[in-house]
Amino acid sequence: MLDKIQGEDAAQAYGFTKDGKIVGAFVFSEYTGHDVHMYCVSENPKIFQRRYIKQMFEYCFTIMGVQRVSAMCNESNIRSRKLITGVGFKQEGRLRRYFGTEDALVYGLLKEDMRFIHG
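Our numbering puts the first residue of the sequence shown at 46, with every later residue one more than the last.
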């Protein structure tokens with residue numbers, strides 16, 4: 046189940062609940078009108094099923110009306126990199142030592158590159 050988590054004006058979070066407990070969340074921040082940054086949080090990556098991912102991108106592109114969604118992760122986070130590229134994000138850059146001693150990989154997704162929605 047998908048539930049909106051109320052929070053600060055600068056960010057919005059949508060949680061996935063199972064048996065009344067939050068098991069994962071998508072967090073949106075840095076909305077510019079054309080772009081929004083998306084973060085995924087979960088102890089179990091299987092939580093991010095296709096239907097939830099589709100709902101989140103429909104929200105971004107249809108409700109928020111953005112042209113692109115941005116994401117980033119630690120270079121060593123192979124699971125996140127696979128999830129990010131698996132839905133169509135393209136690597137656009139690298140922020141050297143962004144996470145202290147580790148680089149951040151920066152990704153972008155345009156609506157027309159989205160694999161789950163069209164139009």
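Built from N, CA and C at the ideal position, the CB exists for glycine as well.
Judged by DSSP secondary structure, Lys127 falls within the alpha helix (DSSP H) whose first and last residues are 123-131. Between the stretch 79-97 and the stretch 107-116, the count of C-beta pairs closer than 8 Å reaches three or more; the two stretches touch. In the three-state reduction of the DSSP assignment, Arg142 falls in the coil class. Counted as a single uninterrupted DSSP element, the alpha helix (DSSP H) harbouring Ile98 occupies residues 95-103. Annotated three-state conformation of Asp158 is helix, per DSSP. The beta carbon of Ser125 sits closer than 6 Å to those of Cys118, all from its chain and outside the five residues before and after it, given in chain order. The closest CA to that of Lys63, considering only Glu75, Asn89, Phe73, is found on Asn89. Judged by their CB atoms, Gly69 and Phe93 are nearer to each other than the 8 Å cut-off.
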